[in-house]
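Just below is one structure, and these are the notes that go with it.
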Amino acid sequence: MAKILAVGNAVLDTILTVESHPKEDHEVRALSRHHQLGGNVNNTLYVLKQLGHETAICTTAATDAQAKQLLNGMQARGLDCTHIQKFIQGSTPHSIVTLNAHNGSRTIVHFRDLPEVSFEFFAKIEIENYEWLHFEGRNIENLQGMLAICKTFLDQQPISLEIEKPRENIESLFHQANLLIFSHHYATAKGFQDGAALLNEMSKLAPNSQLVCTWGAKGVWYKAFNAPVEHLAAIPVHPVIDTLGAGDTFNAGLIDQLVRGAKLSEACAFANTLAAQKIQQQGLDAILSQKTRNQPIANLKQLSKAKATVIELNNRGSLILILHNEEAKAYENNCPHQNVPLNEAYKIDVNPFENTLKCSVHDAFFRIEDGECIEGPCWGEHLTPVKIRVDDQGNIYLL
Ligand code: FRU
């Protein structure tokens, strides 16, 4: 689709999933630990790549062992890594992230001693080869020069700037970008109560830019040229799994739609949906397939304890849903005896008194509670359980 260059940070994240964030001077035990790539533009480009774009990153890298890991990871994400400025001094930027297992909120401690991209390095990139340029609002002094050469040499390509936190002089960049994306961290630090107040004020500094402000559960505000500020409610999501990188995902959705010619309102609506999808999954991998995970496969009201409901999944076989003690049980519709669907020969008979269901092929009886075969040819074997979640309305989703 479009060739997109983004300038900013690439980081290694260590994610510690916790029951709750530790208070100062406390110790908590993490439920799990994993490592993944991070950094705002690194994340945004990865999502843009999955949306079908050719993505290139301009960032700095160290020469330590972690730098290799980071570089390999970015290449595996499909990013063009030609424009990476290497430094012998400093180490690979690293974040320790605590992720609350109950509400997906994240707290980040970021360590960085690596220099930022220099103006001279950026100036050598043939920026006219790209159709969109995106900048993380950091490294302000150098960004002033970078944005100035973009303005001088590019006449078609839009320039977007992410303003995540207040930084000295960041406002001097605003008039240079076509699209400004503010986060609520910036807004609250500047004393604004909501996105409308912020954007009305910011439009005075950047009258020719489109403006957007994301505010987590409060939704999104946006202001197109010569138009009033509009608001878009956040999409209700339950449960929230992982909010790390939600803003980066939103930015990708926004750029994707604008580069395809959508109006700002349409682009914000799409970005809002994409960010809602992101927070329902861990990390950023396969973010588009999350769409299918968002469709309910059935509702509790359709289920019974006296009948096995078979649900066909597109190209992925079928599963059995049945109520047990008012709870939905889900199993792959596959008998471990001969790997055939349980309803291959006839319907699946259920005995609600014995709490069993029976494979129609060779009469194997499975306990509904845990899927164990308690009588028949595959005695002691189990049906494979399928992970599901049920929302407040009784809608059942695959996890
Ligand atoms: C998420 C993120 C993390 C990284 C941190 C850097 O937006 O990019 O991946 O650790 O922010 O500030």
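Per this note's numbering: the sequence shown = residues 592 to 990.
Every residue gets a Cβ at the ideal spot worked out from N, C-alpha and C, and that includes glycine.
Cys-950 by DSSP, collapsed to three states: which one?
coil
Identify, in the order they occur along the chain, each residue of the same chain with its Cβ nearer than 6 Å to the Cβ of Pro-932, setting aside the five sequence neighbours on each side.
Asn-924
Identify which residue in Lys-920, Gln-748, His-766 has its Cα closest to the Cα of Val-735.
Reading off the sequence shown, one finds Gln at residue 735, where the question assumed Val. If we check each option's Cα against that of Gln-735, His-766 comes out closest.
Buried or exposed by the 16-neighbour rule on C-beta atoms within 10 Å, applied to Leu-674:
Note on identity: in this sequence residue 674 is His, with Leu being the wrong assignment. By the 10 Å Cβ count, His-674 comes out buried.
I'd like the span of the beta strand (DSSP E) that includes Gly-629, first residue to last.
623-629
Return the first residue and the last residue of the beta strand (DSSP E) that Ser-856 is part of.
Note, Ser-856: premise wrong, no beta strand (DSSP E); alpha helix (DSSP H) at 855-869.
Look up Ala-692 in the DSSP assignment and say whether it is helix, strand or coil.
coil
DSSP state of Gln-848, grouped into three classes?
helix
Between which residues of its own chain and Thr-698 is the CB-CB distance below 6 Å, once the five residues before and five after are set aside?
His-612, Thr-689
Using a 10 Å radius around the Cβ and a threshold of 16 neighbouring Cβ atoms, would you call Val-850 buried or exposed?
buried
Are Cys-741 and Val-811 close, meaning C-beta to C-beta below 8 Å?
no
Contacts around Ala-879, its chain only, beta-carbon distance under 7 Å, and the 5 residues preceding and following it disregarded:
Residue identity differs from the one stated: residue 879 is Leu in this sequence, not Ala. Excluding residues within five positions, the ones whose Cβ falls inside 7 Å are Gln-641.
Ends of the beta strand (DSSP E) at Gln-660?
Bounds of any beta strand (DSSP E) do not take in Gln-660; it lies within the alpha helix (DSSP H) bounded by 656-667.
With distance defined between alpha-carbon atoms, name the residue in Asn-942, Ile-772, Arg-620, Val-901 nearest to Asn-691.
Arg-620
Distance, Ala-601 Cα to Asn-631 Cα
7 Å
Where do the N-terminal and C-terminal ends of the alpha helix (DSSP H) with Ala-780 fall, by residue?
775-780
Which word fits Thr-975, buried or exposed, when buried means at least 16 other C-beta atoms lie within 10 angstroms of its C-beta?
exposed
Please report the Cβ distance between Gln-802 and Leu-771, rounded to the nearest whole angstrom; I am assuming they are in contact, meaning their Cβ atoms lie under 8 Å.
For the sequence presented, residue 802 should be read as Leu rather than Gln. Going by Cβ atoms, the distance from Leu-802 to Leu-771 rounds to 5 Å, so yes, they are a contact pair.
Cβ shell of Lys-898 (< 8 Å), same chain only, five flanking positions each side left out
Ile-913, Val-941
Under a three-way DSSP split, which group does His-644 fall into?
coil
So, Ala-866 versus Trp-723, is the Cβ gap smaller than 8 Å?
No, these two residues do not count as a Cβ contact at 8 Å.
So does His-701 have its beta carbon nearer than 7 Å to some heavy atom of the ligand FRU?
yes
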